[in-house]
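In our numbering, the protein residues as written are 3 to 166.
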(Lines of atoms letter the chains of each structure in order from A and count residues from 1; the text may use other names and numbers.)
(Lines give C-alpha, C1' and ligand atoms only; values in the text may rest on other atoms or scores of the structure.)
Protein backbone atom coordinates (compact mmCIF):
# COMPACT_ATOMS: atom_id res chain seq x y z
CA UNK A 1 0.00 0.00 0.00
CA UNK A 2 1.31 3.44 -0.92
CA UNK A 3 2.14 6.01 1.74
CA UNK A 4 -0.73 8.24 0.61
CA UNK A 5 -3.27 5.39 0.82
CA UNK A 6 -2.03 4.25 4.22
CA UNK A 7 -2.13 7.81 5.55
CA UNK A 8 -5.67 8.27 4.24
CA UNK A 9 -6.70 5.08 6.07
CA UNK A 10 -5.32 6.56 9.32
CA UNK A 11 -7.03 9.87 8.61
CA UNK A 12 -10.52 8.46 7.96
CA UNK A 13 -11.41 7.65 11.59
CA UNK A 14 -10.05 11.03 12.71
CA UNK A 15 -12.35 12.80 10.24
CA UNK A 16 -15.31 10.59 11.20
CA UNK A 17 -14.79 11.54 14.86
CA UNK A 18 -14.57 15.25 13.99
CA UNK A 19 -17.88 14.94 12.12
CA UNK A 20 -19.54 14.10 15.45
CA UNK A 21 -17.91 16.80 17.60
CA UNK A 22 -19.82 20.09 17.87
CA UNK A 23 -17.94 23.37 17.38
CA UNK A 24 -18.03 26.35 19.79
CA UNK A 25 -21.57 27.18 18.65
CA UNK A 26 -22.76 23.59 19.11
CA UNK A 27 -22.89 22.80 15.38
CA UNK A 28 -21.53 19.63 13.83
CA UNK A 29 -19.83 19.89 10.43
CA UNK A 30 -19.16 17.42 7.65
CA UNK A 31 -15.42 17.17 7.06
CA UNK A 32 -13.97 15.43 4.07
CA UNK A 33 -10.55 14.23 2.98
CA UNK A 34 -9.83 15.94 -0.32
CA UNK A 35 -6.38 14.50 -1.02
CA UNK A 36 -3.20 13.14 0.53
CA UNK A 37 0.17 13.52 -1.15
CA UNK A 38 3.72 12.50 -0.29
CA UNK A 39 6.23 14.52 -2.29
CA UNK A 40 9.88 15.46 -2.22
CA UNK A 41 10.66 19.16 -2.59
CA UNK A 42 14.35 19.96 -2.59
CA UNK A 43 15.89 17.77 0.09
CA UNK A 44 12.71 17.52 2.20
CA UNK A 45 9.80 15.09 2.08
CA UNK A 46 6.31 16.45 2.71
CA UNK A 47 3.25 14.47 3.73
CA UNK A 48 0.27 16.72 3.00
CA UNK A 49 -3.33 16.07 3.92
CA UNK A 50 -5.91 18.36 2.35
CA UNK A 51 -9.14 18.49 4.30
CA UNK A 52 -12.27 20.57 3.87
CA UNK A 53 -15.65 21.10 5.49
CA UNK A 54 -18.85 22.87 4.61
CA UNK A 55 -18.29 26.58 5.16
CA UNK A 56 -14.51 26.19 4.87
CA UNK A 57 -11.84 24.77 7.12
CA UNK A 58 -10.18 26.89 9.79
CA UNK A 59 -6.68 26.87 11.26
CA UNK A 60 -8.01 25.31 14.50
CA UNK A 61 -9.47 22.43 12.46
CA UNK A 62 -6.16 21.84 10.70
CA UNK A 63 -4.30 21.94 14.00
CA UNK A 64 -6.62 19.38 15.65
CA UNK A 65 -6.45 17.05 12.65
CA UNK A 66 -2.66 17.42 12.43
CA UNK A 67 -2.16 16.51 16.11
CA UNK A 68 -4.40 13.45 15.85
CA UNK A 69 -2.84 12.33 12.57
CA UNK A 70 0.69 12.81 13.91
CA UNK A 71 -0.13 10.51 16.84
CA UNK A 72 -1.48 7.82 14.50
CA UNK A 73 1.48 8.13 12.11
CA UNK A 74 3.92 7.77 15.02
CA UNK A 75 2.11 4.60 16.16
CA UNK A 76 2.02 3.09 12.67
CA UNK A 77 5.63 4.14 11.89
CA UNK A 78 5.57 3.08 8.23
CA UNK A 79 7.44 6.00 6.61
CA UNK A 80 11.20 5.44 6.47
CA UNK A 81 12.26 8.98 5.57
CA UNK A 82 12.04 12.05 7.78
CA UNK A 83 9.13 14.17 6.57
CA UNK A 84 7.18 17.33 7.30
CA UNK A 85 3.47 16.83 8.01
CA UNK A 86 1.10 19.51 6.73
CA UNK A 87 -2.67 19.56 7.12
CA UNK A 88 -4.40 22.31 5.20
CA UNK A 89 -7.31 23.47 3.12
CA UNK A 90 -7.15 22.47 -0.55
CA UNK A 91 -7.72 26.12 -1.46
CA UNK A 92 -10.31 27.75 -3.67
CA UNK A 93 -8.79 26.64 -6.96
CA UNK A 94 -8.13 23.06 -5.96
CA UNK A 95 -7.54 20.37 -8.51
CA UNK A 96 -10.33 17.92 -9.26
CA UNK A 97 -9.00 14.46 -8.51
CA UNK A 98 -11.82 12.30 -7.20
CA UNK A 99 -15.31 11.50 -8.42
CA UNK A 100 -16.88 13.66 -5.71
CA UNK A 101 -14.77 16.64 -6.92
CA UNK A 102 -16.31 16.26 -10.37
CA UNK A 103 -19.80 15.90 -8.91
CA UNK A 104 -19.37 19.02 -6.75
CA UNK A 105 -18.27 21.04 -9.79
CA UNK A 106 -20.83 19.84 -12.34
CA UNK A 107 -22.15 22.80 -14.34
CA UNK A 108 -19.58 25.10 -12.72
CA UNK A 109 -16.60 26.76 -14.43
CA UNK A 110 -13.38 24.78 -14.49
CA UNK A 111 -9.95 25.37 -15.98
CA UNK A 112 -8.25 22.53 -17.84
CA UNK A 113 -4.56 22.41 -18.78
CA UNK A 114 -3.31 19.76 -21.17
CA UNK A 115 0.15 18.28 -21.69
CA UNK A 116 0.02 18.91 -25.44
CA UNK A 117 -2.08 21.29 -27.54
CA UNK A 118 -5.52 20.15 -28.62
CA UNK A 119 -6.68 22.19 -31.62
CA UNK A 120 -3.70 24.51 -30.98
CA UNK A 121 -4.75 25.15 -27.37
CA UNK A 122 -3.39 23.89 -24.03
CA UNK A 123 -5.78 25.75 -21.72
CA UNK A 124 -9.56 25.51 -21.70
CA UNK A 125 -12.10 27.28 -19.51
CA UNK A 126 -15.72 26.19 -19.50
CA UNK A 127 -18.55 24.72 -17.51
CA UNK A 128 -18.05 21.08 -16.54
CA UNK A 129 -20.90 19.23 -18.24
CA UNK A 130 -19.85 15.63 -17.84
CA UNK A 131 -17.08 13.06 -17.50
CA UNK A 132 -16.42 9.37 -17.86
CA UNK A 133 -13.40 7.07 -17.67
CA UNK A 134 -11.82 8.53 -20.82
CA UNK A 135 -13.03 12.12 -21.22
CA UNK A 136 -14.06 15.36 -19.58
CA UNK A 137 -16.84 17.31 -21.32
CA UNK A 138 -16.82 21.11 -21.17
CA UNK A 139 -19.16 23.75 -22.47
CA UNK A 140 -16.79 26.43 -23.79
CA UNK A 141 -19.40 28.44 -25.68
CA UNK A 142 -19.96 32.01 -24.59
CA UNK A 143 -23.39 32.57 -26.10
CA UNK A 144 -24.62 29.09 -26.99
CA UNK A 145 -23.63 25.61 -25.91
CA UNK A 146 -20.38 24.44 -27.50
CA UNK A 147 -19.30 21.12 -26.04
CA UNK A 148 -15.79 19.74 -26.32
CA UNK A 149 -14.40 16.45 -25.08
CA UNK A 150 -10.90 16.41 -23.65
CA UNK A 151 -9.23 13.03 -23.08
CA UNK A 152 -8.38 12.59 -19.38
CA UNK A 153 -4.96 11.16 -20.27
CA UNK A 154 -4.17 14.52 -21.97
CA UNK A 155 -5.03 16.58 -18.87
CA UNK A 156 -2.19 17.79 -16.66
CA UNK A 157 -4.59 19.55 -14.26
CA UNK A 158 -8.27 20.34 -13.99
CA UNK A 159 -9.37 22.74 -11.28
CA UNK A 160 -12.10 25.08 -10.20
CA UNK A 161 -12.05 28.36 -12.07
CA UNK A 162 -12.59 31.74 -10.48
CA UNK A 163 -12.40 35.03 -12.29
CA UNK A 164 -10.47 37.39 -10.04
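Glycine is no exception: its CB is placed at the ideal position from the N, C-alpha and C atoms.
With 16 other Cβ atoms within 10 Å as the buried cut-off, status of residue i
| i | result |
| --- | --- |
| residue 168 | As shown, the chain starts at 3 and ends at 166. That puts residue 168 outside it, with no answer to give. |
| residue 161 | buried |
| residue 9 | buried |
| residue 149 | exposed |
| residue 138 | buried |
| residue 76 | exposed |
| residue 103 | buried |
| residue 84 | exposed |
| residue 127 | exposed |
| residue 133 | buried |
Residue j beta carbon less than 7 Å from that of residue i
| i | j | result |
| --- | --- | --- |
| residue 72 | residue 87 | yes |
| residue 2 | residue 37 | Since the displayed the chain opens at 3 and closes at 166, residue 2 lies outside it and no answer follows. |
| residue 121 | residue 129 | no |
| residue 112 | residue 163 | yes |
| residue 170 | residue 61 | Outside the shown range of the chain (3 to 166) lies residue 170, about which nothing can therefore be said. |
| residue 33 | residue 20 | yes |
| residue 54 | residue 15 | no |
| residue 66 | residue 13 | no |
| residue 116 | residue 124 | yes |
| residue 70 | residue 159 | no |
| residue 31 | residue 56 | yes |
Whole-Å CB distance - residue i paired with residue j, under 8 Å assumed
| i | j | result |
| --- | --- | --- |
| residue 89 | residue 64 | 5 Å |
| residue 118 | residue 136 | In fact, because the Cβ distance is near 16 Å, the residues do not count as touching under 8 Å. |
| residue 81 | residue 5 | 6 Å |
Per DSSP, the bridge partner or partners of residue i
| i | result |
| --- | --- |
| residue 75 | Note: residue 75 sits in no beta bridge, so no partner. |
| residue 161 | 97 and 113 |
| residue 86 | 48 |
> Which parts of the segment 9-71 are runs of the beta strand (DSSP E), unbroken and 3 residues or longer, counting only runs that do not cross its ends?
Replying inline: 33-43 and 46-55
>> List, from N- to C-terminal side, the beta strand (DSSP E) runs of 3 residues or more that fit wholly inside the segment 95-152.
In response: Fully enclosed beta strand (DSSP E) runs of 3 or longer: 111-120, 123-133 and 137-141.
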